[in-house]
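Novice:
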Amino acid sequence: MSKNYFQVIRAGINTTFQDEGRKNLYHVGIPFSGAMDKRNYFLSNKLVGNKINSPALEFAYQGPLLKYFGNKINIAITGEVNFKIKKKDIIIDGNCYQSLNLENGDEIDILSTNKSVYGYLAIGGQIDLEYQWSSCSTNTKAIIGANDGKKLENEQVINISKLNNQSMERKLNYINTKIENIRIIKGTNFDYFSDKGKKIFLEKEFVVSKLTDRMGMRLEGPKIENVIDTNIKSEGLIKGVIQVPADGNPIVMLSDHGTIGGYPKIGVVISADYDKLVQLSPGSKIKFKHVDLSSAENLFKLYDLETQNLISQIE
Amino acid sequence: MIKNILNLGDAALYCDFGKEVNKETNTQVIRYFKSIQKENISSINNLSPSYNKLIISFDLKKTNFKDLKKIIENLNITNEDNLKNKTIEVPVCCDENFALDIVRLEKKLNLKREKIYENFFSKEFFCYMTGFIAGMPFLGDLSENMRAKRLETPRVKVPKGSVALTEQFANIYTFESPGGWNVIGNSPLTIFDSSKETNPNLINPGDIVLFKEISKKQYENYNE
Numbered sequence: 001m002s003k004n005y006f007q008v009i010r011a012g013i014n015t016t017f018q019d020e021g022r023k024n025l026y027h028v029g030i031p032f033s034g035a036m037d038k039r040n041y042f043l044s045n046k047l048v049g050n051k052i053n054s055p056a057l058e059f060a061y062q063g064p065l066l067k068y069f070g071n072k073i074n075i076a077i078t079g080e081v082n083f084k085i086k087k088k089d090i091i092i093d094g095n096c097y098q099s100l101n102l103e104n105g106d107e108i109d110i111l112s113t114n115k116s117v118y119g120y121l122a123i124g125g126q127i128d129l130e131y132q133w134s135s136c137s138t139n140t141k142a143i144i145g146a147n148d149g150k151k152l153e154n155e156q157v158i159n160i161s162k163l164n165n166q167s168m169e170r171k172l173n174y175i176n177t178k179i180e181n182i183r184i185i186k187g188t189n190f191d192y193f194s195d196k197g198k199k200i201f202l203e204k205e206f207v208v209s210k211l212t213d214r215m216g217m218r219l220e221g222p223k224i225e226n227v228i229d230t231n232i233k234s235e236g237l238i239k240g241v242i243q244v245p246a247d248g249n250p251i252v253m254l255s256d257h258g259t260i261g262g263y264p265k266i267g268v269v270i271s272a273d274y275d276k277l278v279q280l281s282p283g284s285k286i287k288f289k290h291v292d293l294s295s296a297e298n299l300f301k302l303y304d305l306e307t308q309n310l311i312s313q314i315e
Numbered sequence: 316m317i318k319n320i321l322n323l324g325d326a327a328l329y330c331d332f333g334k335e336v337n338k339e340t341n342t343q344v345i346r347y348f349k350s351i352q353k354e355n356i357s358s359i360n361n362l363s364p365s366y367n368k369l370i371i372s373f374d375l376k377k378t379n380f381k382d383l384k385k386i387i388e389n390l391n392i393t394n395e396d397n398l399k400n401k402t403i404e405v406p407v408c409c410d411e412n413f414a415l416d417i418v419r420l421e422k423k424l425n426l427k428r429e430k431i432y433e434n435f436f437s438k439e440f441f442c443y444m445t446g447f448i449a450g451m452p453f454l455g456d457l458s459e460n461m462r463a464k465r466l467e468t469p470r471v472k473v474p475k476g477s478v479a480l481t482e483q484f485a486n487i488y489t490f491e492s493p494g495g496w497n498v499i500g501n502s503p504l505t506i507f508d509s510s511k512e513t514n515p516n517l518i519n520p521g522d523i524v525l526f527k528e529i530s531k532k533q534y535e536n537y538n539e
């Protein structure tokens, strides 16, 4: 029996296995997790002929360097990613949004995500992974999910238990659009802030700080002044919530967020803009724009439809 | 009873049960939480009960705020006691290597440590909610003379198992985590066990917790 596997030569900065995440566990203290940018995650799987909610490798900034051993395998990378394929005697610059074949001994070197944060590597086949609560998504905070709840590490191995039948080449013409305006709905504590504070929040520019990871995104900018209380009774959080602690700098909750928080909620990022939000790298400028609930719902319908269309264009 | 339902973003209902944090209000929250859980409404993908709020997250592809709000408002929440509370004894070792903030706390509360521990171990605690980190229980209520503020500068790493106090609450750090609560001891008991998928948390909202002091030797030889 032949064995197919990747040897991890360099793990990358924050490389984890992700799928759609796990639900109905907020009450025990476990967040959704799952791929940060769902659209790019779905597209990577579709490009290699997987079910769109199959596990994929998510990487941030610098991705992994992997050496492949086994029968010919299909892979695809999505996002804004610089990578190279090293074959016996040639090095090829990789293109995102198209399926590629790897043969025994080939290497894939994911150098960087270009002016963005997350990229996805889908593997055409079934990766050998543990599931917890029907999801393989690695949550390093709660130490659950694939890879014993840990990031990918140097020298480890990724076993592929089943390869997809080699299918035709798949390709998609797609450009990730950048946005500076992130649309929000007012939060449940919007009125805790002074008129000036509200104005700053909705009109001024903020910068994504280095203190940003899968749990949250800290922003820097003019301080948002609170006139009622800088604490609230601790209560549930959801992804996209923007909290403002006493220092006046907003923090946006992301997919691995703590499930309970006690800072006032000034706003919530709309569902349609979440995939774009998480791709804003440290140093990026960001402006919040207020929309009402029915607009947010319509914008999500449009965004979801566009994602479905992109998925169906890959055949 | 729910006083008010607002939207939290475009994919969650924010149910407010009133301003007060007390056992009665929280029991109402837990009752709603358990009843909604039992309904198995497929568009709901998460529930976050807390002291006096219940946040209901939903799949925006399947429903929307208006429609789900109607369903929740028309739910028949039984007043019968569906809360099967457990009483859990939690062993705590107060060796000074574990009681990281006891000196600070003596000053803050103006109480001798013997008195602090006497108050703490004689109290019956109620679990209001679990979360922040997986399985962490928020337990109340400490008596008035035991209420201290958080550390001015939170610790970057609070050791796993730490038992800590702030304001009217006690908690147990289920993982090593950043945190600003006043640490008074450490428990060897496993509070969160991810291998138990049906119920990973030893302590759940509505449960009663009693802390029991153990020696360093008992701590070291502790065997569940």
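Quick note, the sequences are listed as chains A and B, same order. Here the first sequence is numbered in my numbering, starting from 1 and rising by one per residue. Here the second sequence is numbered in my numbering, starting from 316 and rising by one per residue. Quick reminder that beta carbons are idealized off the backbone N, C-alpha and C, glycines included.
Note down, in chain order, every chain A residue with its Cβ under 7 Å from the Cβ of B/Ala-327.
Specialist: What you label residue 327 of chain B is simply residue 12 of the second sequence in a count that begins at 1. Ordered by position in chain A, the residues that pass the 7 Å Cβ test against B/Ala-327 are Ile-238.
Novice: Express the C-alpha separation of A/Pro-64 and A/Glu-103 in angstroms, rounding to a whole number.
Specialist: Position 103 of the first sequence, counted from the start, is the residue given in the question as residue 103 of chain A. Position 64 of the first sequence, counted from the start, is the residue given in the question as residue 64 of chain A. Answer to the nearest angstrom: the Cα atoms are 18 Å apart.
Novice: Could you round the C-beta distance between A/Leu-254 and A/Arg-214 to whole angstroms and report it? I think they count as a contact, below 8 Å.
Specialist: The residue you call residue 254 of chain A lines up with position 254 of the first sequence. The residue you call residue 214 of chain A lines up with position 214 of the first sequence. Correct: roughly 6 Å between the Cβ atoms.
Novice: How would you call A/Gln-18, buried or exposed, if buried means at least 16 neighbouring beta carbons within 10 angstroms?
Specialist: As a working mapping, residue 18 of chain A is identified with position 18 in the first sequence. Classification for A/Gln-18: buried.
Novice: Determine which residues share a DSSP beta bridge with A/Asp-326 and list them.
Specialist: Within the shown structure, residues of chain A are numbered from 1 to 315, placing residue 326 of chain A beyond reach of any answer.
Novice: When you compare only the Cα positions, how much space is there between A/Lys-287 and A/Thr-140?
Specialist: Here residue 287 of chain A refers to the residue found at position 287 of the first sequence. Here residue 140 of chain A refers to the residue found at position 140 of the first sequence. Approximately 30 Å between the Cα atoms of the pair.
Novice: My parser needs the beta strand (DSSP E) runs of 3 or more residues fully inside the stretch 124–165 of chain A; what are they?
Specialist: Within the stretch 124–165 of chain A, the complete beta strand (DSSP E) runs of at least 3 residues are 125–127, 157–163.
Novice: I'd like the span of the alpha helix (DSSP H) that includes A/Ala-296, first residue to last.
Specialist: In the first sequence, the residue the question calls residue 296 of chain A occupies position 296. Taken as a continuous stretch (DSSP letters only), the alpha helix (DSSP H) holding A/Ala-296 covers 293–313.
Novice: Would you report the Cα separation of A/Lys-150 and A/Pro-264, rounded to the nearest angstrom?
Specialist: Position 150 of the first sequence, counted from the first residue, corresponds to residue 150 of chain A. Position 264 of the first sequence, counted from the first residue, corresponds to residue 264 of chain A. For A/Lys-150 and A/Pro-264, the distance between alpha carbons rounds to 32 Å.
Novice: So B/Val-344 is in the alpha helix (DSSP H); what residue range does that whole segment cover?
Specialist: The residue you call residue 344 of chain B lines up with position 29 of the second sequence. Run containing B/Val-344: 338–354, per the alpha helix (DSSP H) assignment.
Novice: Spatial neighbours of A/Asp-256 within its chain, please: CB distance less than 7 Å, with the 5 preceding and 5 following residues excluded, ordered by chain position.
Specialist: Mapped onto the first sequence, residue 256 of chain A falls at position 256. These residues qualify, in order along the chain: Pro-31, Ser-33, Asn-139, Lys-141, Arg-214, Met-215.
Novice: Whole angstroms are fine: how far does the CA of A/Tyr-61 sit from the CA of B/Ser-437?
Specialist: Translated into positions along the second sequence, residue 437 of chain B becomes position 122. Translated into positions along the first sequence, residue 61 of chain A becomes position 61. C-alpha separation (whole angstroms): 52 Å.
Novice: Report the rounded CA-to-CA distance for B/Asp-410 versus B/Asn-319, giving the unit in angstroms.
Specialist: Mapped onto the second sequence, residue 410 of chain B falls at position 95. Mapped onto the second sequence, residue 319 of chain B falls at position 4. Near 47 Å, if we compare the C-alpha coordinates of B/Asn-319 and B/Asp-410.
Novice: Under 8 Å Cβ-Cβ, which residues of chain B neighbour A/Ile-185?
Specialist: For this step, residue 185 of chain A is matched to residue 185 along the first sequence. Going along chain B in sequence order, the residues near A/Ile-185 (Cβ under 8 Å) are Asn-322, Gly-324, Asp-325.
Novice: What does a CB cutoff of less than 8 Å around B/Ile-523 pick up in its chain, not counting 5 residues either side in sequence?
Specialist: Locating residue 523 of chain B in the second sequence gives position 208, counting from the first residue. Excluding positions up to five away in sequence, the list reads Asn-400, Lys-401, Thr-402, Ile-403, Glu-439, Phe-440, Phe-441, Cys-442.
Novice: In terms of residue numbering, what span does the beta strand (DSSP E) encompassing B/Asp-331 cover?
Specialist: Working through the second sequence from its first residue, we reach residue 331 of chain B at position 16. Run containing B/Asp-331: 327–331, per the beta strand (DSSP E) assignment.
Novice: Taking C-beta pairs closer than 7 Å, name the residues in chain B that A/Gly-258 reaches, listed in chain order.
Specialist: Against the first sequence, residue 258 of chain A aligns to sequence position 258. The contacting residues are Phe-447, Ile-448.
Novice: For B/Met-541, count neighbouring C-beta atoms within 10 Å of its own C-beta (all shown protein chains included) and say buried if the count is 16 or more, exposed if not.
Specialist: In the structure as shown, chain B starts at 316 and stops at 539, and residue 541 of chain B therefore has no counterpart that could be examined.
Novice: DSSP on B/Phe-413, reduced to helix/strand/coil?
Specialist: Counting from 1 along the second sequence, the entry for residue 413 of chain B is found at position 98. In this structure, B/Phe-413 counts as coil in the three-state DSSP scheme.
Novice: Quick one: complete alpha helix (DSSP H) runs, 4+ long, within the stretch 33–67 of chain A?
Specialist: Here the runs fully enclosed are 38–47.
Novice: Just checking, does the stretch 503–515 of chain B make contact with the stretch 444–462 of chain B on the three C-beta pairs under 8 Å criterion?
Specialist: Output reads yes: the stretch 444–462 of chain B touches the stretch 503–515 of chain B.
Novice: Can you tell me whether B/Tyr-488 is buried or exposed? The criterion is at least 16 other CB atoms within 10 Å of its CB, across all chains shown.
Specialist: The residue given as residue 488 of chain B occupies position 173 in the second sequence. Burial call: buried.
Novice: Looking only at its chain, what residues have a beta carbon closer than 6 Å to the beta carbon of A/Thr-307, apart from the 5 residues adjacent to it on each side?
Specialist: Translated into positions along the first sequence, residue 307 of chain A becomes position 307. So the list reads Arg-39, once near-sequence residues are dropped.
Novice: Near A/Gly-145, which residues of its chain fall below 6 Å by C-beta distance, leaving aside the five closest residues on each side in sequence?
Specialist: For the purposes of this step, residue 145 of chain A is taken as the residue at position 145 of the first sequence. The residues are Gln-132, Cys-136, Ser-137, Thr-138, Asn-139.
Novice: Check the Cβ of A/Gly-29 against every Cβ in chain B and list those closer than 7 Å, keeping chain order.
Specialist: Counting from one through the first sequence, the residue named residue 29 of chain A turns up at place 29. The contacting residues are Thr-445, Gly-446, Phe-447, Ile-448, Ala-449, Gly-450, Met-451.
Novice: For B/Ile-370, would you say it is in contact with chain A, using Cβ-to-Cβ distances shorter than 8 Å as the test?
Specialist: Here the question's residue 370 of chain B lines up with position 55 in the second sequence. So, interface residue.
Novice: Give a yes or no on whether 8 Å exceeds the smallest Cβ distance from B/Pro-469 to chain A.
Specialist: What you label residue 469 of chain B is simply residue 154 of the second sequence in a count that begins at 1. Chain A contact via Cβ: absent.
Novice: If distances are taken between C-alpha atoms only, which option among A/Ser-284, A/Lys-46, A/Phe-193 comes closest to A/Asp-224?
Specialist: Reading the first sequence from its first residue, position 224 is the one you call residue 224 of chain A. Before going on, a small fix: residue 224 of chain A reads as Ile here, not Asp. Nearest of A/Ser-284, A/Lys-46, A/Phe-193 to A/Ile-224, Cα basis: A/Phe-193.
Novice: Quick one: give me the first and last residue of the beta strand (DSSP E) that A/Arg-170 is part of.
Specialist: For the purposes of this step, residue 170 of chain A is identified with residue 170 of the first sequence, where counting begins at 1. Taken as a continuous stretch (DSSP letters only), A/Arg-170 belongs to no beta strand (DSSP E), as it is neither H nor E.
Novice: Is A/Leu-271 helix, strand or coil when you go by DSSP?
Specialist: Residue 271 of chain A sits at position 271 when you count from the first residue of the first sequence. Before going further, note that residue 271 of chain A is Ser rather than Leu in the sequence given. Looking at A/Ser-271 - three-state DSSP - the assignment turns out to be helix.
Novice: So B/Phe-380 contacts chain A; which residues on that side make the cut at Cβ distance below 7 Å?
Specialist: Counted from its first residue, the second sequence places residue 380 of chain B at position 65. By Cβ distance, chain A contributes Leu-293.
Novice: Name, going along the chain, the residues of the stretch 344–370 of chain B whose beta-carbon falls closer than 9 Å to a beta-carbon of chain A.
Specialist: So the list reads Phe-348, Gln-352, Ile-359, Asn-360, Asn-361, Leu-362, Ser-363, Pro-364, Ser-365, Tyr-366, Asn-367, Lys-368, Leu-369, Ile-370, given in the order they occur along the chain.
Novice: In the structure shown, what three-state DSSP assignment does A/Val-278 receive?
Specialist: Residue numbering aside, residue 278 of chain A sits at position 278 when the first sequence is read from its first letter. DSSP places A/Val-278 in helix when its eight states are reduced to three.
Novice: Please confirm whether A/Phe-17 has its beta-carbon closer than 8 Å to some beta-carbon of chain B.
Specialist: Locating residue 17 of chain A in the first sequence gives position 17, counting from the first residue. Taking Cβ atoms only, chain B never reaches closer than 8 Å to A/Phe-17, which makes this a no.
Novice: Using 8 Å as the Cβ pair cut-off and three pairs as the minimum, do the stretch 374–385 of chain B and the stretch 356–363 of chain B touch?
Specialist: Taking 8 Å as the limit for Cβ pairs, the verdict is that the stretch 356–363 of chain B does touch the stretch 374–385 of chain B.
Novice: Can you list, in chain order, the residues of the stretch 94–110 of chain A whose Cβ is nearer than 9 Å to any Cβ on chain B?
Specialist: So the list is empty, because no residue satisfies the distance condition.
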